[in-house]
Amino acid sequence: MAHELRIAISCPDRSGIFSAVAGRMFDLGADMGDASFAVLGEAAEFTAVARMPDNVEAEEVAAELAQLPELAGAEISVTPFELGTAQAESGQVTHRVEVRGTDRPGLMARLTEAFADYGANIVRMDCTRIAGGRAEDYVIRIEAWIPPERAETCLAAVDNTAQSLGLSSESNGV
159 MAHELRIAIS CPDRSGIFSA VAGRMFDLGA DMGDASFAVL GEAAEFTAVA
209 RMPDNVEAEE VAAELAQLPE LAGAEISVTP FELGTAQAES GQVTHRVEVR
259 GTDRPGLMAR LTEAFADYGA NIVRMDCTRI AGGRAEDYVI RIEAWIPPER
309 AETCLAAVDN TAQSLGLSSE SNGV
């Protein structure tokens with residue numbers, strides 16, 4: 159019987175990281191599940207859940223990944239994944255929201271509160287500072303599940319929150 163492992167990697171960003179990791183995981187017999195890869199500043203972050211054959215343990219996966227030249231200087235964590243691998247309804251994206259404006263402390267907290275107040279679940283979020291122009295722009299992209307009966311009021315609250323902070327927002331259903 160197979161078992162699931164959570165793989166988390168943080169390392170300096172360089173070309174070929176994702177390909178090297180995916181290739182080594184294939185060699186180990188992994189069936190890759192949910193995965194996320196992102197560049198954060200000059201770092202790369204990779205997180206995934208993989209179904210592994212019973213004879214492949216977490217320690218072996220970590221050791222194999224640590225041998226990859228693309229992962230030199232990486233922090234690698236491989237642990238059993240004890241939760242279910244199927245996403246609940248609230249893990250499905252129903253809306254995309256983009257907020258843009260001048261960065262300020264508390265921005266992310268205020269904005270995400272608007273989702274929580276309406277029972278929404280943020281499925282994915284990325285934030286980027288964009289230098290240039292008069293001030294530093296901050297772009298927040300959120301993919302969320304919003305209960306259908308609360309979607310209109312939730313999105314209005316998000317827009318009102320953004321406007322109160324001097325930001326622009328745009329949203330659409332998926």
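Each residue of the sequence shown is one higher than the one before, counting from 159 in the working numbering.
Virtual Cβ for every residue (Gly too), placed ideally from N, Cα, C.
For residue 204: DSSP bridge partner residues: 167, 195
Three-way DSSP call (helix, strand, coil) for residue 244 in this model: coil
Opening and closing residue of the beta strand (DSSP E) in which residue 338 lies: Lying outside 159 to 332, the shown extent of the chain, residue 338 is not represented and no answer is given.
Where the alpha helix (DSSP H) through residue 182 begins and ends: 175-185
8 Å Cβ shell around residue 201 - same chain, five flanking residues per side excluded: 168, 169, 170, 171
Boundaries of the alpha helix (DSSP H) in which residue 266 is found, first to last residue: 265-274
Start and end residues, alpha helix (DSSP H) containing residue 318: 309-322
For residue 324 and residue 260, the rounded distance between their alpha carbons: 8 Å
Inter-residue Cα distance where the pair is residue 219 and residue 164: 10 Å
Whole-number beta carbon distance between residue 283 and residue 298, since they are thought to touch under 8 Å: 7 Å
Exposure of residue 265, with buried meaning 16 or more beta-carbon neighbours within 10 Å: buried
Opening and closing residue of the alpha helix (DSSP H) in which residue 219 lies: 216-224
Per DSSP, cross-strand counterpart(s) of residue 156: The chain is shown from 159 up to 332; residue 156 falls before or after that span and cannot be answered.
Pick from 199, 179, 177 that is closest to residue 289, judged by C-alpha positions: 199
CB contact flag (residue 271, residue 328, <8 Å): no
Beta-carbon gap between residue 191 and residue 180 smaller than 8 Å: no
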